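Undergrad: Numbering (the numbering used here), first residue to last: 331 to 468. A virtual CB, placed ideally from N, CA and C, is assigned to each residue, including glycine. These numbers come from a predicted model, not from an experiment.
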């Protein structure tokens with residue numbers, strides 16, 4: 331993405347990028363493309379190249395002052411609108427390869443227009459395909 335924006339981040343290859351991640355974030359330090367080619371999947375986090383990674387990031391304690399997870403319950407909120415015969419589709423934003431999540435932030439910057447402005451429609455059920463095409467044609 332940086333190259334598409336005309337920026338040289340100094341990491342010419344994916345392997346160089348992973349090496350840099352290992353230098354700045356210890357949880358990646360034990361990973362390299364060579365190791366992945368040799369061993370296949372390596373559990374993450376993997377702070378040491380001579381030891382296997384860990385299957386859990388927080389096995390003994392969380393990264394909080396007291397070591398405990400800080401959780402908060404949130405009340406259930408029903409959807410503001412349910413599908414009905416007039417509006418049978420539930421529409422959600424989706425992820426696109428060149429943008430963070432749906433592009434709601436990255437598309438605001440003119441120099442980040444990495445993909446066309448047209449919208450794509452993905453459906454999970456075959457019966458919606460005809461409806462989605464008809465809606466898209468409007």
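1) Where does residue 358 fall in DSSP's three states?
2) Do you know offhand how far residue 383's Cα is from residue 354's?
3) For residue 390, does the three-state DSSP call read helix, strand or coil?
4) Quick one: grab the DSSP three-state call for residue 343.
5) Can you give me the Cβ contacts of residue 373 inside the same chain, cut-off strictly under 7 Å, excluding the 5 residues immediately before and after it?
6) To the nearest angstrom, how far is the alpha carbon of residue 334 from that of residue 371?
7) Looking at the structure shown, is residue 364 part of a helix, part of a strand, or coil, going by DSSP?
8) Please report the distance separating the alpha-carbon of residue 393 from that of residue 363.
9) Given a threshold of 16 other Cβ atoms within 10 Å of its Cβ, counted over all protein chains shown, does residue 360 qualify as buried or as exposed?
10) Buried or exposed for residue 375, please, with buried defined as at least 16 other CB atoms from any protein chain shown within 10 angstroms of its CB.
TA: Walking through what the data contain:
1) The answer is helix: DSSP assigns residue 358 an H, G or I state.
2) 17 Å
3) coil
4) coil
5) 382, 383, 384, 385
6) 29 Å
7) Three-state DSSP puts residue 364 in a helix.
8) 28 Å
9) buried
10) Its Cβ being crowded by 16 or more others within 10 Å, residue 375 is buried.
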